[in-house]
Each structure stands twice: as C-alpha cells, then as structure tokens.
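Single-structure report; data block below.
Numbering (my numbering), first residue to last: -18 to 548.
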C-alpha cells in the first residue's frame, strides 16, 4: 500500500496529499511558511480600517489581534473534511483585500461598529448564497474555473511587482531593493529546481534568505525590532470596544464584495483541488459549497469578535502546489499558529516585518504556480469558438485593469469595486459564459422498442442525430451504452415494451429520461427499492458507475429511469 501511495504521489508531484500526514519536520516548516505569508499579507486590511476609523494604538492592536485569531479560525473551518462545513482541502484564510474599499467606506460613515455589523451581514449572505453554488455549477464549466484560477494569478501581478520592483523614496530609487528581490527569487528557484529535498520549504527558506540579504544591503534594519518592546506581553484576541451597527448606505457595496468573494472562493477552492491532484479535470462542487460555508461562518464569527471579512488565501494555495505538500494537517497547524500568535502582540508585530522586496519575490513565485493550475484545467478543454470567446475576452479585460487611468470615466464608487483583475475578469467571464450558453442546450426525443433489432435501429438513430448536431463521439457512446444496457434488461421483463426517450445535454450536463409508454410491467417483476430482475439490476449497476445520478421509479407498472452526468 505504501509503495502504491509513493507511486501515485510521484506521478502527481504531490508529496503529501490532503488526507495524508507529513512527518514532523515537513509538517512544522510548511505550516510555519504558510503562517508567515498570512502574517505578511493579512495585516494591510485591518491596519487600513484602523486608520480610516481613527483608532488609537491600543484599539488598533486589539483589532489586529482579532484579525489574526479569526483568520486562523476560518482557515480551520474551511479546511475541515465535512459534508456541511469545510472543503476537505488545505485552504488557509486571509483578510479579504477586495472588500477593503467597502470596509473603509463603512469606517468613514459609521466607524468600526458599522464595519463589524456589515462583516456579520456579509458572512450570513455568503453562507446563504454559497449554499446554492452546486445548483449553479452549470455556469462554471472547466473553462470558467480554469480561467478563474488563471485570473487569480493575474490579480497578484500588481501587488507582486510593486513589492518586487519597489518605488522611489523621496524621489530616489534604491537599486538594492531590486537586488534583494532578484536574489531572493533566484534562491527560491534554485531550491525548487535543483535542490529537490528543499522544495517543500522554498517559501520559508526564501523569507529567511531574504531577511539576511536585506540586512546585509541595508534594506532591513534589525534595530527596528526594538520598538516591539513597548507591546504588551499577552492580550485577548478580541476587539476592545465591541459594538455593531447597520446602514443601508453601504448595503450595495457589501453585497457586491460578498458575491465577488463567493466567485473568488470558487476559483480558490478549485485551485486547492487542482494543487492536490495535477490530473484535475473538473471541480468537486460539493467540496466547494462546503468550503464556502466554512468561509462564511468564519466571516460571521470574525465580525462578532472584531475581525475583518475573510477570504481564501490565494498565495498560500500557490505555495502548497509549489511545495507538493497539500495536507490538511498543514492548514490546521498554520491556523493554530496564527491563533496562538494573536495573543502575543509583540510577536505578531515582529513577524509581520517581512521586507518588501522579499514579499514581492514570494508573491511572484507562488503566482506562477497559480497560473499554471489554471492552464492545467484549460488544457482539458477543446478550444472551440465559444470557449475561445469566453476565456480570452475575460483575460483581456482582467489585464486591462492594470493599465493606469483606463477606466477613469467610471464614477469612483464603481471603479473602486470593479476595476481589479479579479472582479473585472470574473464579471466578464460570467457574462460571456451566459451569452455563449444561448442555444447550447440540445434536446431530442424518440420512441422505440427494446428488442435486439430495435436496439440496432435505436443506435443508428442516436448516431445520426448526434452527427447532425455535432455531438462529441465520447458523449454519443455514453448515451448508446446506457440505453443499450437498460434495453437488454427491460427486454427480459417485457419484450413488447415501448420506451419513450428524452435526451438533453449542453456543455455541462447530460440527462437521459426513459419512460415506458404504458403499464406493461407486473408488480412482482419490479420490486421496491430498485431490486429489479437480475439482468436489469446488473444493467443499473453498470449505469450507476457511468452516471453521477440514477433514479428509478415504478408507478403502477410504468417504469421511469432518469440519468444525469456532469461533463
């Protein structure tokens, strides 16, 4: 068994998959590098909210502590392998930077109480809407989820390059900034490409190496750590002045960022599945739906404790895919580290001081793997005209948001929400998906007997119809095998039966409805609970292995069989 697992992991380039437990050293150091990334990426939003609300040092510190604690809690909730809450895949949580503009608007209008009240509202709304994503899965085929994952990588480009390249200070550019960034990136690439045993710890080693290079070049001054001595030793990770309010003036912005957050979650949880399985073809929607509920529950609790709106940590997904360690245990330990760190203000302050060029190098490194995950899913698609239109038009618009002042004609209230690669790209992606679905669903029906001669004629009818409609051959064969097998079983029970067939399919799902024209089956031949005659029972067993859902009903001798399969 162990040899089979090793062989499977070698083929997938996954060292420890979601259900496996890594040895102590890989587990600890992988969790540590994930925690450091969350610390470096998750501070910006609560700090910005604190400044917009005009909080003093003590209140700001408690707001940051609550943010760290709830990020850890949400990471655990959305990783749990539960049917109702949790995706079952390694998925850490971070403050939702896409919601920053809405939160700052709320802070300016009603202070922190309004921010917290609307955060609770966002969590509840996300829980409700997220529970219907499985029913809406037909709008998220492989080309859509693959493009979403790719756009997630594009969304990192501005932040990654700003940190990587740096900016002039006082009109003077420090070339050492770029030296540190390039050196850190090259070091991580060397660990990943040439020193395979170090690959699982690439990001952590890159951060440590970057700290050293930053100190040598003067980018980072270790004397700045002295200011941490003024911080309290221990503090509860709850906002010190809890109160909540609600205002209709910020309702629409929070609805928009919540919906955008759900779409972001869909892409991220799909990326988690892709990282865990390089042969990933289509997402597990039950897992995504449960993951969104976990994230939503974490967001609601975050608002109650004084934390920000939560989102899945895209960068960490890229690091997991790059390291090959996608175990849930890593997410649990990293989240626990965040929760423990949240009670030590001096520790969180120290760990959050990752130098800017080092952070930029880590973002570039992980972004490459995120984009690669999107390409992997897209490679499974046949690029017909519809898919070309859907994929690349959305990528064009996502990239267009990186051009300064291109959307200056939009009102500020609209541009702050819409003009980002993730929001713009996904909006265009969903719109083009809806438009391209017009006329996609194909339905045809016919009536036939079940004798061997009828089956031959039926196969010819299916083949001719599919050829006229341009149906893929694999899909046509699935229809034929299912219908042939069931006809053979029915023929043994009722040789003279006439069956009406209704077949419908689109890019997402194949449905076959079979119903006998009249009551020709005796009650004793069709027992309850699908315990049919042996031949038909075997046929149904075969069909259940081919289709996602098979339902059989017998009403007064009329047999009805419904089959559906996600494509």
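Glycine included, every Cβ here is placed at the ideal spot set by N, Cα and C.
Computed from a prediction, not measured in an experiment: that's the story for all the values here.
query = On the three-state DSSP scale, how would you describe residue 473?
reply = helix
query = Starting from residue 390 and walking both ways along the beta strand (DSSP E), at which residues does that stretch end?
reply = First-last for residue 390: undefined, no H or E at that position.
task = Mind checking who residue 426 pairs with in its DSSP beta bridge?
result = 483
Spatial neighbours of residue -11 in its chain, beta-carbon cut-off 6 Å, leaving aside the 5 residues before and after = Unreliable placement is indicated for residue -11, whose pLDDT of 41 sits below 50; no coordinate value is reported for it.
Where residue 153 falls, given that 16 or more other Cβ within 10 Å makes a residue buried = exposed
request  = Indicate whether the contact test is met: 3 or more Cβ pairs, each with one atom in the segment 139 to 146 and one in the segment 306 to 315, closer than 8 Å.
outcome  = Taking one beta carbon from each stretch, the segment 139 to 146 and the segment 306 to 315 have fewer than 3 pairs nearer than 8 Å; the two do not touch.
message = Looking only at its chain, what residues have a beta carbon closer than 6 Å to the beta carbon of residue 111, apart from the 5 residues adjacent to it on each side?
response = If you ignore the 5 residues before and after residue 111, its C-beta comes within less than 6 Å of the C-beta of 243, 273, 274, 277, all in its own chain and listed in chain order.
message = Between which residues of its own chain and residue 376 is the CB-CB distance below 8 Å, once the five residues before and five after are set aside?
response = 128, 131, 132, 135, 406
query = Alpha carbon to alpha carbon, what distance is there between residue 109 and residue 103?
reply = 10 Å
message = Using C-beta distances below 7 Å, list every residue in its chain close to residue -1, excluding the 5 sequence neighbours before and after it, in chain order.
response = 69, 70, 71, 257, 307, 308, 309
inquiry  = Between which residues of its own chain and residue 556 is the CB-CB distance below 8 Å, once the five residues before and five after are set aside?
reply    = Coverage of the chain is limited to positions -18 through 548, which leaves residue 556 absent and any answer about it impossible.
Three-state secondary structure (DSSP) of residue 634 = Coverage of the chain is limited to positions -18 through 548, which leaves residue 634 absent and any answer about it impossible.
ask   = Is there at least one non-hydrogen atom of the ligand PLP closer than 8 Å to the beta-carbon of residue 282?
value = Summarising the ligand content, the structure contains no ligands, and the ligand PLP is consequently not present.
task = For residue 199, I'd like the list of residues in its chain whose CB is within less than 8 Å of its CB, leaving aside the five on either flank, ordered along the chain.
result = 157
key: Own chain residues within Cβ distance below 7 Å of residue 239, not counting five before or after   = 103, 106, 107
request  = Would you mind sorting residue 270 into buried or exposed? The rule is 16 or more other CB atoms within 10 Å of its CB.
outcome  = Buried is the call here.
message = My output table needs one value for residue 283: the three-state DSSP class, helix, strand or coil.
response = Reduced to three states, the DSSP call for residue 283 is helix.
ask   = Taking contact to mean at least 3 C-beta pairs separated by less than 8 Å, is the segment 182 to 196 in contact with the segment 12 to 23?
value = yes
ask   = How big is the Cα-Cα spacing for residue 512 and residue 360?
value = With a pLDDT of 46 at residue 512, under the threshold of 50, the modelled position of this residue cannot be trusted; read the value that follows with caution. So the alpha carbons of these two residues sit roughly 42 Å apart.
query = What is the C-beta distance between residue 475 and residue 544, in whole angstroms, given that I count them as a contact (C-beta under 8 Å)?
reply = About 20 Å; that fails the 8 Å criterion.
request  = Determine the direct distance from the alpha carbon of residue 343 to that of residue 97, and round the result to whole angstroms.
outcome  = 31 Å
ask   = Any idea which residues DSSP pairs residue -3 with across the strands?
value = 306
message = Let me make sure I understand the geometry here. Which of 163, 253, 121, 456 has the alpha-carbon closest to that of residue 485?
response = 456
task = Measuring alpha carbon to alpha carbon, tell me which of 428, 473, 439, 139 ends up nearest residue 496.
result = Of the candidates 428, 473, 439, 139, the one whose C-alpha sits nearest the C-alpha of residue 496 is 428.
message = Alpha carbons only, please: which of 33, 414, 190 is nearest the one belonging to residue 335?
response = The shortest C-alpha separation from residue 335 is found at 190.
request  = Please classify residue 180: is it buried, with 16 or more other beta-carbons within 10 angstroms of its beta-carbon, or exposed?
outcome  = buried
request  = Identify whether residue -11 lies in helix, strand or coil by the three-state DSSP scheme.
outcome  = Confidence in residue -11 is poor, its pLDDT being 41 and thus under 50, which makes the residue's placement too unreliable to answer from.
key: Opposing strand residues paired with residue 493 [DSSP bridges]   = 484, 544
key: Contact between the segment 292 to 301 and the segment 86 to 100 (3+ Cβ pairs under 8 Å)   = no
request  = Name the one or two DSSP bridge partners that residue 75 has.
outcome  = 292
DSSP three-state assignment for residue 534, whether helix, strand or coil = Strand at residue 534.
query = In chain order, which alpha helix (DSSP H) runs of at least 4 residues are fully inside the segment 135 to 205?
reply = 156 to 174, 183 to 198
ask   = Under the three-state reduction of DSSP, which class applies to residue 339: helix, strand or coil?
value = In this structure, residue 339 counts as helix in the three-state DSSP scheme.
Proximity to residue 435 [Cα-Cα], best of 469, 454, 424 = 469
inquiry  = Between which residues of its own chain and residue 255 is the CB-CB distance below 7 Å, once the five residues before and five after are set aside?
reply    = Counting only Cβ-Cβ distances below 7 Å, and skipping sequence neighbours, we find 130, 261, 354, 357, 358.
query = Is residue 19 near residue 56, with beta carbons less than 9 Å apart?
reply = yes
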